[in-house]
Every structure is written in structure tokens, then in C-alpha cells.
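Colleague: In full-length UniProt numbering, the protein residues as written are 1 to 127.
I'd like to ask you about the structure that follows.
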Amino acid sequence: MQLDSGAVAEGRVTRVTDFGAFVQFENGETGLVHISQIAHSFVRNIHDHVREGENVEVKVLGRDERGRLDLSIKELLEEPEEIPRPRAIGRQSPQFEAKLRSFMRDAKERGPGSGGGGKKPAGKRKK
């Protein structure tokens, strides 16, 4: 069985990594489903979607310059009406914000070319 671009085939997940899942087919060929091709939504943890040893249906996207198969599970899933976005990171604590403002103010007072590192000259300390 030749796996060409656009083909749909079933294979077994042989390895799961942080960046994707390796799928092996009956003919012995192995391809990669990159984490971005797992689902339409943001995939934070690939282990929530695929597991080693499970059979998955994939679409062959093509081959890379080294002849390796690029695969997709997402291409076979119905696209949701609205793709959920990752949750926004909330504001930092007020203490952090105050420390950051103080740091930026001190850096501005030192001016450019001061090297940014080390201590302030002894004559310019605040009291």
C-alpha cells in the first residue's frame, strides 16, 4: 500500500512526544502527526488526545524533503464553528507591578550607557 498525499489510512500510535505522535502503518512506514495537526483547538498536552498503542485514522498531508510522512488527524475532524482560543494569562499581582514600575523608573534615572548592571554610584543614592 503506497501512502500518497491526500490518502486516508489507519495506523497505530507507536510513540508520543511533546511535539507530536508517531504512527506506523501496515506496510511498515511511519509518519508524524505534529501537535498542531491533532485537533482544531489548542493542544496543551498531546497525551489528552492520543495514547501509545491506540489505532488512529489519519490523512497524509505529504512528505517532507527527507521522504518522511506528514500526517494529520485534525484534517479528518469536522471543523467547529468557532475555534476556541487558549485562555489569556491574567494580570500580574499588584506587588509585581509595583516592583516592575520601580525597576523601570530606576533604569530611566540611570540613563542610557550606564551598563544597566551593578550598583548606583555612591553620590546618587536616594534617601
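Here a beta-carbon is modelled for each residue, glycine too, at the ideal position from N, C-alpha and C.
Quantities reported herein were computed from a predicted structural model and do not represent experimental measurements.
So residue 25 is in the beta strand (DSSP E); what residue range does that whole segment cover?
Modeller: Segment: none, residue 25 is in no beta strand (DSSP E) and carries neither H nor E.
Colleague: Per the DSSP calculation, residue 9 is bridged to which residue(s)?
Modeller: Paired residues: 58.
Colleague: Just verifying my parser: in three-state terms, what is the DSSP assignment at residue 47?
Modeller: Looking at residue 47 - three-state DSSP - the assignment turns out to be helix.
Colleague: Checking the sheet assignment: what are the DSSP bridge partners for residue 34?
Modeller: Residue 34 is bridged to 20.
Colleague: Using only alpha-carbon positions, find the residue among 21, 12, 19, 48 that is nearest to residue 27.
Modeller: The shortest C-alpha separation from residue 27 is found at 12.
Colleague: Can you tell me where the alpha helix (DSSP H) with residue 100 in it begins and where it stops?
Modeller: From DSSP, the alpha helix (DSSP H) with residue 100 extends over 94-110.
Colleague: Among the residues of its own chain, which have a CB less than 6 Å from the CB of residue 37, if the five just before and after it don't count?
Modeller: Closer than 6 Å at Cβ, skipping near neighbours: 72, 74.
Colleague: For residue 4, tell me which candidate among 69, 106, 99, 94 has the shortest Cα-Cα distance.
Modeller: Of the listed residues, the one whose Cα sits closest to residue 4 is 69.
Colleague: Around the C-beta of residue 108, are 16 or more other C-beta atoms found within 10 angstroms, so that it is buried, or is it exposed?
Modeller: Exposed: under 16 other Cβ atoms inside 10 Å.
Colleague: Shortest alpha-carbon distance to residue 25 belongs to which of 9, 19, 46?
Modeller: Looking at the Cα atoms, 9 is the closest of the given residues.
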